[in-house]
Amino acid sequence: MLLGLSGAEMSGAELVELDQIIWHHYRTYMLLAVILAALGIATVVGLILSRREKIGIESALISRFNHKVRVWWMMAVIFALGFVLHRIGVVVLFGFVSFWALREFITMTPTRRGDHRTLFWVFFIFTPLQYILIGLGSNPPDYLGGDRGIDYYDYYSIMIPVYASLFIPARAAFAGDYKRFLERSAKIQFGLLICVYSLSYAPAILDLKLVQTDGTPWDGSTVSVLIFLVLIAQLASVFERAWGKLAGRHVIAARINASRTWEGFLGSMVTTGIVAATLSWATPFHWWEAGMLGAVVTVMACAGTMTMSAIKRDRGVTDTGTLVQGHAGVLDQIDNICFAAPVFYHFTRFFWV
Numbered sequence: 146m147l148l149g150l151s152g153a154e155m156s157g158a159e160l161v162e163l164d165q166i167i168w169h170h171y172r173t174y175m176l177l178a179v180i181l182a183a184l185g186i187a188t189v190v191g192l193i194l195s196r197r198e199k200i201g202i203e204s205a206l207i208s209r210f211n212h213k214v215r216v217w218w219m220m221a222v223i224f225a226l227g228f229v230l231h232r233i234g235v236v237v238l239f240g241f242v243s244f245w246a247l248r249e250f251i252t253m254t255p256t257r258r259g260d261h262r263t264l265f266w267v268f269f270i271f272t273p274l275q276y277i278l279i280g281l282g283s284n285p286p287d288y289l290g291g292d293r294g295i296d297y298y299d300y301y302s303i304m305i306p307v308y309a310s311l312f313i314p315a316r317a318a319f320a321g322d323y324k325r326f327l328e329r330s331a332k333i334q335f336g337l338l339i340c341v342y343s344l345s346y347a348p349a350i351l352d353l354k355l356v357q358t359d360g361t362p363w364d365g366s367t368v369s370v371l372i373f374l375v376l377i378a379q380l381a382s383v384f385e386r387a388w389g390k391l392a393g394r395h396v397i398a399a400r401i402n403a404s405r406t407w408e409g410f411l412g413s414m415v416t417t418g419i420v421a422a423t424l425s426w427a428t429p430f431h432w433w434e435a436g437m438l439g440a441v442v443t444v445m446a447c448a449g450t451m452t453m454s455a456i457k458r459d460r461g462v463t464d465t466g467t468l469v470q471g472h473a474g475v476l477d478q479i480d481n482i483c484f485a486a487p488v489f490y491h492f493t494r495f496f497w498v
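If you're matching positions, the sequence shown starts at 146 in this note's numbering and goes up one per residue.
Have a look at this one:
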């Protein structure tokens with residue numbers, strides 16, 4: 146409404162409000178511009194490398210780089226769409242991503258006929274309910290407790306770890322199939338915990354009322370904080386692989402993932418921390434706080450990658466899916482975010498809310 150008025154027609158209060166709206170999203174626009182510029186450069190570099198025959202670089206490495214860039218473009222488009230649709234739009238988008246990632250996880254770890262009704266509850270009751278609670282957040286409508294100051298964090302923080310974890314084995318037991326009962330129940334619970342519960346903390350960031358560490362209210366948009374988390378989680382994996390190629394000597398767990406080394410892990414912690422510190426202007430964090438959070442996210446991203454690698458080794462598969470042509474599945478792309486999101490959220494909630 147304000148944008149439809151000329152400067153002469155707008156009152157002083159309306160001009161101040163418009164300035165606040167523009168400044169509120171300024172950091173988000175700048176961060177998106179930086180990301181798009183970096184992706185554009187990466188795309189051009191990938192095209193140049195793929196068309197040169199004798200460049201001393203493995204063709205498989207170039208192909209993997211180009212596939213990764215395509216995945217990042219897809220993520221950028223998703224975030225741009227979510228930004229247009231506002232907070233609820235982002236929550237819905239993450240809900241679909243969780244649904245697809247859980248589908249890949251369950252497909253990778255086959256179930257028995259007795260689990261089908263349990264899976265119905267997991268996919269069509271608990272998954273949407275978790276994101277509905279995230280969407281309600283701390284400002285639900287009055288008829289859902291908003292007039293009483295209810296914060297739905299108290300519900301979505303325990304719904305899956307407590308109630309779903311109790312329901313799943315009980316429902317499986319009522320199916321009457323006792324073969325590998327403990328294994329089957331644990332598998333479904335773990336998939337729900339990682340693919341839905343943990344990932345749901347990423348859009349939950351949008352509901353936080355952030356301040357700086359001195360208590361000063363932060364005038365930026367939480368969208369930029371969410372983008373910051375996803376960006377550094379993705380960069381942590383890239384830097385870890387790059388440092389592993391350049392200086393990797395000591396493999397962390399050769400039988401799980403032979404490409405992950407301690408040198409790559411430590412190099413990624415430092416590099417990701419530096420990048421996070423340089424992006425602190427888009428967040429309520431001081432540069433050293435952003436750097437520390439970057440290191441924490443690196444630890445969790447590595448933990449997520451190693452955990453999913455162990456599961457894939459156990460199941461005898463290479464990738465969790467093929468939604469992105471030639472480059473693994475959705476769960477392969479977000480396993481680092483799944484592990485980093487709840488830790489990042491609770492650090493932020495504790496120190497900057």
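Ideal Cβ positions, reconstructed from N, Cα and C, are used throughout, including at glycine.
Sequence-distant residues of its chain with Cβ nearer than 6 angstroms to residue i (five each side left out)
{"i": "Met414", "result": "Ala440, Thr443"}
{"i": "Ile207", "result": "Leu194, Ser195"}
{"i": "Arg90", "result": "The requested residue 90 does not occur in the structure, where the chain is confined to residues 146 to 498."}
{"i": "Val469", "result": "Model confidence at Val469 stands at a pLDDT of 44, short of 50, so the residue's coordinates are unreliable; what they give is reported in the following sentence. These residues qualify, in order along the chain: Val216."}
{"i": "Ala446", "result": "Ala378, Ala381, Ser382, Asn481, Ala485"}
{"i": "Leu278", "result": "Tyr297, Tyr300, Tyr301"}
{"i": "Gly471", "result": "The predicted model places Gly471 with a pLDDT of 45, which falls under 50 and marks its position as unreliable; any figure quoted below should be read in that light. Closer than 6 angstroms at the Cβ level, and outside the excluded window around Gly471, lie His212."}
{"i": "Ser454", "result": "Ile401, Asn402"}
{"i": "Gln531", "result": "Because the chain in this structure spans residues 146 to 498, residue 531 falls outside the shown range and cannot be described."}
{"i": "Pro314", "result": "Ser330"}
Rounded straight-line distance, which links the Cα of residue j to that of residue i
{"i": "Phe210", "j": "Leu192", "result": "10 angstroms"}
{"i": "Leu344", "j": "Arg329", "result": "22 angstroms"}
{"i": "Phe410", "j": "Trp388", "result": "8 angstroms"}
{"i": "Thr452", "j": "Ile397", "result": "12 angstroms"}
{"i": "Ile270", "j": "Leu177", "result": "34 angstroms"}
{"i": "Ile339", "j": "Phe484", "result": "7 angstroms"}
{"i": "Ile186", "j": "His212", "result": "15 angstroms"}
{"i": "Arg248", "j": "Leu327", "result": "20 angstroms"}
{"i": "Ile295", "j": "Leu353", "result": "14 angstroms"}
{"i": "Phe224", "j": "Asp322", "result": "43 angstroms"}
{"i": "Arg458", "j": "Ile333", "result": "18 angstroms"}
{"i": "Arg400", "j": "Ala347", "result": "31 angstroms"}
{"i": "Leu184", "j": "Ile305", "result": "36 angstroms"}
{"i": "Tyr276", "j": "Val222", "result": "21 angstroms"}
{"i": "Ala320", "j": "Met437", "result": "48 angstroms"}
{"i": "Leu230", "j": "Trp426", "result": "24 angstroms"}
{"i": "Arg337", "j": "Asn284", "result": "For clarity, residue 337 is Leu in the given sequence; the question names Arg instead. In a straight line, the C-alpha of Leu337 is about 26 angstroms away from that of Asn284."}
{"i": "Thr450", "j": "Asp287", "result": "42 angstroms"}
{"i": "Arg293", "j": "Leu226", "result": "33 angstroms"}
Beta-carbon spacing of residue i, residue j below 8 angstroms
{"i": "Val356", "j": "Pro362", "result": "yes"}
{"i": "Ala392", "j": "Gly412", "result": "yes"}
{"i": "Arg215", "j": "Thr263", "result": "no"}
{"i": "Ala422", "j": "Thr428", "result": "no"}
{"i": "Trp217", "j": "Val475", "result": "no"}
{"i": "Ile180", "j": "Leu376", "result": "yes"}
{"i": "Trp266", "j": "Phe335", "result": "no"}
{"i": "Val236", "j": "Gly280", "result": "yes"}
{"i": "Ala309", "j": "Tyr490", "result": "no"}
{"i": "His431", "j": "Thr358", "result": "yes"}
{"i": "Phe492", "j": "Leu424", "result": "no"}
Reduced DSSP secondary structure (H/G/I, E/B, other) of residue i
{"i": "Phe495", "result": "helix"}
{"i": "Val229", "result": "helix"}
{"i": "Val356", "result": "strand"}
{"i": "Pro285", "result": "coil"}
{"i": "Pro306", "result": "helix"}
{"i": "Pro429", "result": "coil"}
{"i": "Ile479", "result": "helix"}
{"i": "Pro273", "result": "helix"}
{"i": "Pro487", "result": "helix"}
{"i": "Pro314", "result": "helix"}
{"i": "Pro255", "result": "coil"}
7 angstroms CB neighbourhood of residue i in its chain, flanking five on each side removed
{"i": "Leu380", "result": "Thr417, Val420"}
Near the ligand NAP: residue i beta-carbon under 7 angstroms from a heavy atom
{"i": "Tyr308", "result": "The model on display carries no ligand, and the ligand NAP is accordingly not part of it."}
Other residues of its chain near residue i: CB distance less than 8 angstroms, five sequence neighbours each side excluded
{"i": "Phe268", "result": "Phe244, Leu247, Arg248"}
{"i": "Thr256", "result": "Leu264, Arg329, Lys332, Ile333"}
{"i": "Leu273", "result": "A small fix is needed here, since residue 273 is Pro in this sequence, not Leu. Within the same chain, Pro273 has close Cβ partners Gly240."}
{"i": "Trp497", "result": "Leu353, Leu355, Val356, Gln357, Thr358, Trp363, Pro429, Phe430"}
* Asked: Can you list the beta strand (DSSP E) stretches of 3 or more residues lying completely in the segment 388-413, in chain order?
  -> With a minimum length of 3 residues, the continuous beta strand (DSSP E) runs that stay inside the segment 388-413 are 396-398, 402-406.
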